[in-house]
Amino acid sequence: MAEKQHVAFVQPTPVGKEELGKIEVAPEVIEVIAGIAATEVEGIAATRGNFASGVAERFGKKVHSKGIKSAMSEEGNIVIDVFCTVKYGFAIPKVAKDVQTTIRQAILNMTAIETSEVNIHITGVQFENTKDAE
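Residue numbers (the numbering used here): 7 to 140.
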């Protein structure tokens with residue numbers, strides 16, 4: 007059985023503190039930050055999860071990283087992919103741009119790590135639920 011390789015994003019060490027050691031941020035942390043930032047953008051209905059995250063949420067566990075994938079490019083840059091659903095009536099290009107900006111800023115503020123790409127994949131449009139309106 008193949009063992010999963012440990013991958014982490016190296017955070018820049020503050021100037022003058024190099025002797026304290028290296029700081030690494032797990033990809034899961036980047037994905038959680040991006041997931042929370044994405045759901046805070048007006049017009050985003052949800053991020054797309056997989057079967058496992060759907061089961062976990064049924065049992066009451068909130069999965070903040072669902073629909074978010076982080077990877078390191080061959081050049082060593084961080085690439086984020088976001089799979090989300092937009093609420094009906096919102097301009098998709100504006101919402102997507104807002105998600106990109108919000109995620110970039112949140113990751114930079116919390117980790118001091120620059121992202122080279124934040125790719126938005128719109129997987130659906132959520133219409134208003136008419137049963138709740140009655």
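Idealized CB from N, CA, C, for every residue including glycine. All values derive from a computational prediction rather than experimental measurement.
Task: Nearest-angstrom beta carbon gap, isoleucine 86 and alanine 52 [assumed within contact, 8 Å] - done: Not a contact, Cβ separation roughly 17 Å.
Open item on the list: Per DSSP, what are the beta-bridge partners of lysine 75 in this structure?
Closed with: Asp87
TODO: Drop a sphere of 10 angstroms on the beta-carbon of threonine 108, count the other beta-carbons inside from all chains shown, and report buried for 16 or more, exposed for fewer.
DONE: buried
Task: Where alanine 51 sits in the DSSP three-state scheme - done: strand
Task: Cα-Cα separation between lysine 103 and glycine 27, rounded to whole angstroms - done: 36 Å
Task: 8 Å CB neighbourhood of cysteine 90 in its chain, flanking five on each side removed - done: Ala44, Ile50, Ala51, Ala52, Thr53, Arg54, Gly73, Val105, Ile126, His127, Ile128, Thr129
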